[in-house]
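Protein sequences, first through last, are from chains A and B.
Taking numbering that gives the first Met the number 0, the leading residue of the first sequence gets 0, the next gets one more, and so forth.
Taking numbering that gives the first Met the number 0, the leading residue of the second sequence gets 0, the next gets one more, and so forth.
Where is the CB? At the ideal position from N, CA and C, for every residue including glycine.
Here is the structure we will look at.
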Amino acid sequence: MLSRIAESLFWIGRYLERAEDTCRIVEVHLQLLLDDPSVDSEAAGASLLAVMGVDLPDQVDNAAVMRSLCYDDASQCSIAAALGGARESARRARETVSTEMWESINTTWNSVRGGRLRLMRPTSAFKHVRERCAVISGTADSTMSHDEGWNFLVLGRSIERADMTARLIAAASSTSGTQSAWNNVLRGCGAHHAFVRTYGRGHHGSGRGRVLAARPVVPALAGAYPGDCRACFGRARYRGTPSRHRG
Amino acid sequence: MNELFAGYKGSGLAYDEMMSSDGVRPAYSSMMRQLGKLDAAEVRAGDYPKSTYIDQGVTFDIGGEERPFPLDIVPRILLADEWAVIETGVAQRVKALEAFLADVYTEGRVFADGVIPRRVVASSPHFHRVMAGVIPPNGVRVHVAGIDLVRDNAGVFRVLEDNVRVPSGVSYVMTNRRVMFSALPEVTSRHRIRPVEQYPLQLLAALRAAAPHGVTDPTVVVMTPGVYNSAYFEHALLARMMGVELVEGRDLVCHGGRVSIRTTQGLRPVHVIYRRLDDEFLDPAVFRADSMLGCAGLINAVRAGNVTLANCVGNGVADDKLVYTYVPDLIRYYLAEEPIIPGVDTWRVEEPESRAEVLDRLDELVLKPVDGSGGKGIVIGPVASKKQLEVLRHKILDDPRGWIAQPVVQLSTVPTMIGGGMRPRHVDLRPFAVNSGSDVYVLPGGLTRVALPEGELIVNSSQGGGSKDTWVLARDGVRSQRKRAKAKPMPAPVPLVDIAEEKTHHQQEQQQQQNQLRMETRPC
């Protein structure tokens with residue numbers, strides 16, 4: 000396969016994962032503010048933005064957090080920008096990506112671009128993004144051939160997931176760090192159910208430890224992924240001349 | 000006449016393809032009846048095609064913005080007899096242009112025999128001397144051609160221009176058909192429409208046939224200028240449907256007169272390139288040195304016979320509009336046949352006596368630059384302002400070789416949904432021909448472009464045009480009632496019953512009995 004296409008697939012994987020995980024991170028953040036009245040929302044917002052690598056605006060209220068992490072097309076870290084990036088990468092690899100997958104990415108982008116995400120209520124916006132991402136990865140899984148290109152897609156996704164999960168944990172621990180905060184983190188990863196089933200409610204330990212202990216059973220957690228990346232690297236055996244990302 | 004088409008009549012002089020003075024023409028009667036049976040409001044809304052195109056990203060770029068290509072709900076319909084003329088006429092034209100290009104770039108018999116002056120070709124900006132003496136592997140230079148046709152006031156098809164460089168639009172023929180089938184199954188199922196799906200296969204076969212000598216299993220690629228090109232969607236669609244790679248210039252490497260693509264497994268040789276960018280951008284070492292889209296060394300590899308470009312470099316000579324005026328003579332000269340489809344009467348502005356006449360009648364003629372495509376630079380005399388005509392007069396005097404003049408041809412009209420009603424709008428037709436060397440395949444249908452503003456005669460998509468699905472009906476075109484085929488032996492059906500069903504049923508019964516038992520034994 001063309002090196003350029005492999006690169007595009009890698010970035011589709013990264014951008015989609017970034018959109019989904021950013022959505023989960025902001026959700027957890029908002030939930031923490033509600034659950035723990037002792038948290039200073041401005042400081043929490045500032046530390047979240049810092050963790051996500053956003054330049055701090057003058058005033059860090061919830062609106063600013065939502066703007067720079069969700070709606071703003073121009074902000075590097077927003078969900079809208081990530082979905083735009085995924086769509087642009089898919090457009091460049093359009094003859095390789097399956098028609099169904101391209102269409103689901105394109106419809107997703109059409110539903111969020113130009114501030115359309117802002118028009119939804121935050122909860123439905125998060126739900127929408129999470130569901131669309133699930134549709135895309137489900138479609139990708141069942142309609143793309145699981146060849147070399149697929150490995151690049153999964154590689155991008157795994158690397159991004161490791162990155163974003165680390166940010167999620169960092170954000171939660173700097174904000175609150177109570178037991179209920181860690182439960183929220185697990186819920187944010189869609190991992191709470193799996194965690195409770197495996198370890199039971201009685202499992203104690205430090206908060207971060209609790210979460211990290213969940214890694215063998217929960218796909219959305221960082222720890223599981225270095226192995227996956229290694230496997231993808233092994234399968235893809237990248238030997239061509241690498242070019243920088245021009246996407 | 001039903002509600003939808005009530006009060007529809009053609010527009011003045013132009014030939015209306017649905018209505019004649021005696022009523023509805025046979026090609027359209029069934030379509031009109033079937034469309035009339037549908038819910039008029041639903042047909043009027045007509046958002047189905049638009050939203051599908053936005054979801055699927057069937058778009059073209061204008062100035063960096065992606066727009067869906069508007070598809071009209073009313074198809075354009077051609078009977079088998081009408082199509083037979085177009086099919087043979089287009090194939091004839093392609094063969095003649097092939098012979099002409101082969102001659103121009105080798106012996107030049109046509110000049111020696113005085114059919115066309117050598118200066119007409121030599122002064123064309125698309126004549127590339129670097130291709131002189133290069134003979135493509137199977138002799139084909141025009142792998143794909145798009146011949147633009149219009150229908151005059153008498154309903155006769157005429158050739159408006161030839162496109163033998165990189166004609167585009169074929170993707171819309173395929174996507175339009177698919178959208179129409181899903182939007183109007185009631186109507187489409189009543190017609191026997193010749194399919195358009197096999198185009199990519201025909202194209203791939205022609206490209207493989209053009210492989211360099213000695214290559215039995217050639218690697219074919221489609222080469223695109225990139226995502227910002229107006230036809231990028233088409234490039235991707237063709238590559239996907241042919242199952243080949245879509246490459247950009249930066250994916251190619253030329254070394255030692257050979258071309259390779261950069262893959263994840265290293266360099267891989269390429270044999271046939273279906274290129275969708277203009278000659279000038281192909282090879283910065285030979286043409287425009289500032290081209291970022293091509294690959295240096297490409298032309299060298301072509302000259303060495305190690306790679307085939309489709310279409311061939313230098314084809315622009317044949318679709319130069321001044322050469323267009325000689326095509327009937329070329330057909331007679333090379334094929335010893337009379338042209339099947341006539342052209343439009345044309346004045347060669349470079350000839351002094353024609354020039355005098357044209358300058359005299361600027362306000363009633365259409366003036367076209369000889370190397371323009373896509374309706375660029377065309378001036379329609381009757382609607383141009385005094386100032387525009389004055390500018391035009393100076394341009395013509397400066398560069399008479401650069402212009403031709405034609406009478407205003409009233410393009411034929413087809414009913415088109417405009418603001419909830421049917422209005423006559425002007426259309427043209429671009430049939431696509433694929434030359435595999437052994438024969439010329441003409442895709443049944445082609446792209447019908449429609450000018451959406453009232454009275455507009457330029458139908459190009461970059462000028463705010465839309466398109467229509469073009470139906471070529473088979474011989475017994477309209478199905479009155481679906482005939483029942485003789486019953487074929489059918490495989491015995493396997494019942495779709497869950498084998499565990501019975502067991503579950505028993506379980507449920509017992510569970511319910513348990514409940515009852517408990518309720519009964521409960522002390523009151």
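- Closest by C-alpha distance to Arg140/B, out of Ser170/B, Ala404/B, Leu96/B, Asn152/B, is Leu96/B.
- Excluding sequence positions up to five before and after Glu185/B, its CB lies within less than 8 Å of the CB of Gln33, Lys36, Leu37, all in the same chain and listed in chain order.
- Taking a Cβ-Cβ threshold of 7 Å, the residues of chain A close to Glu244/B are Leu1, in chain order.
- Taken through DSSP and simplified to helix, strand or coil, Tyr227/B comes out as coil.
- Sequence-ordered contacts of the stretch 215-242 of chain B with chain A read Val226, Ala235, Ala238, Arg239 [C-beta pairs closer than 7 Å].
- If you look at Gln405/B, you'll find it in the beta strand (DSSP E) that goes 402-406.
- In terms of Cβ geometry, Gly11/B and Gln409/B form a close pair [threshold 9 Å].
- His254/B is bridged by DSSP to Arg257/B.
- The beta carbon of Glu26/A lies closer than 8 Å to those of Phe125, Gly187 in the same chain, with the five residues before and after it left out.
- Across the stretch 261-272 of chain B, CB contacts with chain A closer than 7 Å involve Arg261, Thr262, Thr263, Gln264, Gly265, in sequence order along the chain.
- Taken through DSSP and simplified to helix, strand or coil, Thr21/A comes out as helix.
- Residue contact with chain A for Glu247/B: present (Cβ-Cβ distance below 9 Å to some residue of chain A).
- Here Ser19/B is bridged, per DSSP, to Gly22/B.
- Boundaries of the beta strand (DSSP E) around Phe431/B: 431-434.
- The residues Val220, Ala238, Ile260, in chain order, have a CB closer than 7 Å to that of Glu244/B in the same chain once the five nearest residues on each side in sequence are set aside.
- Of all residues in the stretch 125-159 of chain A, the ones placed with a Cβ closer than 7 Å to any Cβ belonging to chain B are Glu147, in chain order.
- A distance of 9 Å or more separates the beta carbons of Gly145/B and Gly465/B.
- A straight line joining the alpha-carbon of Ile192/B with that of Val23/B spans about 20 Å.
- In this structure the stretch 423-439 of chain B touches the stretch 87-105 of chain B; the number of beta carbon pairs closer than 8 Å is three or more.
- Residues of the stretch 76-91 of chain A whose Cβ lies closer than 7 Å to any Cβ of chain B, in chain order: Arg90, Arg91.
- Chain A places no beta carbon closer than 9 Å to that of Asp112/B, leaving this residue out of the contacts.
- Spanning the alpha carbons of Asp146/A and Leu8/A requires a straight line of approximately 12 Å.
- In the DSSP assignment, Asn162/B falls within the unbroken beta strand (DSSP E) covering 156-162.
- In the DSSP secondary-structure assignment, Glu244/B is bridged to Val220/B.
- Check the Cα spacing between Thr107/A and each of Asp60/A, Ser2/A, Ala89/A, Thr177/A: the tightest is with Ala89/A.
- By the rule that beta-carbons nearer than 9 Å mark a contact, Ile4/A touches chain B.
- Look at the beta carbons and you see the stretch 214-228 of chain B touching the stretch 241-258 of chain B: at least three pairs across the two are nearer than 8 Å.
- Distance from the Cα of Val426/B is smallest, within the candidate group Glu363/B, Pro443/B, Pro452/B, Val114/B, for Pro452/B.
- As computed with DSSP, Gly35/B is found in no beta bridge at all.
- In this chain, the alpha helix (DSSP H) harbouring Asp80/B covers 79-103.
- Leaving aside the five residues that flank Gly376/B on each side, the residues in its chain whose CB is nearer than 8 Å to its CB run, in chain order, Lys367, Pro368.
- Here the alpha carbon of Ala473/B sits roughly 22 Å from the alpha carbon of Ser19/B.
- Secondary structure note for Lys367/B: its beta strand (DSSP E) is the uninterrupted segment 364-368.
- Here DSSP, grouped into helix, strand and coil, assigns Gly187/A to helix.
- When 7 Å is used as the limit between beta carbons, Glu94/A is near these residues of chain B: Ala235, Ala238, Arg239, Leu245, in chain order.
- Leu183/B has its alpha-carbon roughly 43 Å from the corresponding atom of Arg249/B.
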